[in-house]
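Asker: All the letters of the sequence shown, read from the start, carry residue numbers 5 to 147 under the numbering used here.
Heads up, the beta-carbon is just placed ideally off N, CA and C, and yes, glycines get one too.
Model, not experiment: these values are computed from the prediction.
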Amino acid sequence: MSAFSSRRSRRMKNDINVVPYIDVMLVLLVIFMVTAPMITPGQIELPSVGTASDVPVQPIEVQIDEQGAIALRVREGGASFRPVDKANLLAEVRAVATADTPVVISADGKVPYESVMQVMDQLRNGGIGKLGLLVNQNAPATR
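Next up, the structure:
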């Protein structure tokens, strides 16, 4: 009978031995716990609208009203808007702007986004490098 019992004990097991895997995971855990405090995270300082610095050069403002009419002015004290044809917008901006002059686009809330993007593309393709959008910070937030 002893020969019969020895044959039975030599049968292969279907279980996975997980003890070596647990040992490896514990070693990795200890390594990460030791090295994590030594790593210094990179810090990114994002600009905020409230703390933006004053613009040293007076920007040129391109205004688009509800009907899609375009007006132009240099943002100085007492300056008023003068109407400009869409075809002549780039020439008018280049006549007033220098290389360092920023151009901002302000549009009514009812103006289609496509119209604003067309004006922006026209100015960008015409070589205006400093181009931005003007926002109304005092307007109530709508949801």
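Would you call the region 60 to 67 and the region 102 to 115 in contact, with 3 or more CB pairs under 8 Å?
Answerer: yes
Asker: Write down every uninterrupted run of the beta strand (DSSP E) in the region 66 to 96 whose length is 3 residues or greater and which is fully enclosed by it, in chain order.
Answerer: Entirely contained in the region 66 to 96, the beta strand (DSSP E) runs reaching 3 residues are, in chain order, 74 to 78, 86 to 88.
Asker: Kindly give me the distance between the Cβ atoms of L94 and Q126, rounded to whole angstroms, as I take these residues to be in contact under 8 Å.
Answerer: 6 Å
Asker: Could you name the residues of the same chain whose beta carbon sits closer than 8 Å to that of G148, not counting the 5 residues immediately before and after it, in chain order?
Answerer: Examination of residue 148 is not possible in this model, given that the chain is present from 5 through 147 alone.
Asker: In this structure, does DSSP put K17 in helix, strand or coil?
Answerer: coil
Asker: Using the DSSP secondary-structure output, state which residues sit across from G136 in a beta bridge.
Answerer: V108
Asker: Using 8 Å for Cβ pairs, my map puts A73 next to R86. What's the rounded Cβ distance?
Answerer: No, A73 and R86 are not in contact; Cβ-Cβ is about 11 Å, not under 8 Å.
Asker: Are the Cβ atoms of P63 and T105 separated by less than 8 Å?
Answerer: yes
Asker: Can you tell me whether R147 is buried or exposed? The criterion is at least 16 other CB atoms within 10 Å of its CB, across all chains shown.
Answerer: Annotation note: pLDDT 49 at R147 (below 50); position unreliable, no value reported.
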